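Note sheet for the following structure.
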Amino acid sequence: MPLPNEVKDLIPALGIIPHPEGGFFVETWRSGCEPMSTMGQTGINDCRDATANLVVASGRAANRPDRDERRNALTSIIWIPTLKSPKLILASNRSDHVHYYQGGHPFRYNLFDPSTGEFSTVVLGPELQKGQKIQVPVKGGVWKCGRMENLGVEVDYSLIGEAVAPGFDFHDFTFVTPEMIQATCKNADVREILLEFIHTDSTADVKTVEVCSEFYKDGERKETRIEERS
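Take the sequence shown: its position 212, counting from 1, is numbered 877 in my numbering, and each next residue is one higher.
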């Protein structure tokens, strides 16, 4: 049976929920832990065979309140932007990650390396003859944002896989603020592009973990987001 044309039919099939950066997602793997059970944070106390499934991410002691540098070795999600929620909010993840095209519309990523000032764009999609890529690796620390490209195909979403190593932890994740862009990006044209993807709550005082953890909770806000995005 082929994939459905509408994201609303994927919601029960995949168990996806609204994602803090836009669209929908579901965590499909977290080394040593049940996917989704840790709400996007490292599963330390409930990790099975911690010696094998936790790795030390040196230099990240300050990121977590418990100063633990261990992370689940690998995490993976399915991420699904939609016609109603096509944007990926500008953010940075300390871990390397790879995106995999799995169906639907192509997705254009904007990548900015704050350490070098290098800016690039790459399209994740199936049309290799047009320069699209079926995998897009992103180095940890690079700022990333983007938008789904609407090519008029029947489906209303893009289906993207993403693997992260060391595993994803919201304590290693930061929404980029306008102040960070102004201080780091010297190219006015690139600044204009990046500012289009700023999170509405993106300020130096916002605790990313608290903002993102709320998305895992059932309730009226979750149902409203589902309706707005599908």
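Just so it is clear, CB atoms sit at the ideal spot from N, CA and C, and this is done for glycine as well. This one's a predicted model, so the numbers in the text were calculated from it and none came from an experiment.
Beta bridge counterpart(s) of A756 as assigned by DSSP | DSSP lists K809, F840 as partners of A756.
Would you check if the region 677 to 696 and the region 734 to 754 touch, i.e. whether three or more CB-CB distances between them fall below 8 angstroms?
-> The region 734 to 754 and the region 677 to 696 touch, with no fewer than 3 CB-CB distances between them shorter than 8 angstroms.
At what residues does the alpha helix (DSSP H) containing V720 begin and finish?
-> Taken as a continuous stretch (DSSP letters only), V720 belongs to no alpha helix (DSSP H), being part of the beta strand (DSSP E) at 719 to 721.
Hey, would you say V820 sits closer than 8 angstroms to N710, going by beta carbons?
-> no
Is the region 831 to 840 touching the region 783 to 802 in the sense that three or more CB pairs, one from each, lie closer than 8 angstroms?
-> no
Tell me whether T740 sits in a helix, a strand or coil according to DSSP, three-state version.
-> strand
Keeping to the same chain, check which residues put their C-beta closer than 6 angstroms to that of R856; ignore five residues upstream and five downstream.
-> I846, C850
By Cβ distance, which residues of its chain are closer than 7 angstroms to G894, with the 5 residues on each side in sequence left out?
-> Reading the sequence as shown, one finds Arg at residue 894 and not Gly. Counting only Cβ-Cβ distances below 7 angstroms, and skipping sequence neighbours, we find P683, G688, F689, T747, K749, S750.
Locate the alpha helix (DSSP H) running through S780, then write down its first and last residues.
-> From DSSP, S780 is part of no alpha helix (DSSP H); its letter is neither H nor E.
Just the C-alpha distance for F880 and T889, rounded to the nearest angstrom, thanks.
-> 11 angstroms
Below 8 angstroms on the Cβ atoms is my guess for G790 versus Y766; work out the distance and round it to an integer in Å.
-> 6 angstroms
Best match in L859, P771, N775, K809 for proximity to V818 [C-alpha to C-alpha] = P771
Would you please verify whether the beta carbon of Y881 is less than 8 angstroms from any beta carbon of chain C?
-> Reference to chain C is not applicable here, since this structure consists of a single protein chain.
Nearest-angstrom Cα distance between D733 and R725?
-> 8 angstroms
In three-state DSSP terms, what is C698?
-> strand
Of the listed residues P685, F840, R713, nearest to G705 (C-alpha basis) = P685
Beta-carbon separation (whole angstroms), L753 vs W694, contact threshold 8 angstroms = Actually they do not touch by this definition, with Cβ atoms about 21 angstroms apart.
Residue closest to V807, alpha-carbon to alpha-carbon, out of G768, C712, N758, V721 | N758
Please report how far the alpha carbon of S760 lies from the alpha carbon of T707, in whole angstroms.
-> 13 angstroms
Are the Cβ atoms of E814 and V788 separated by less than 8 angstroms?
-> yes
How is E885 classed by DSSP in three states: helix, strand or coil?
-> helix
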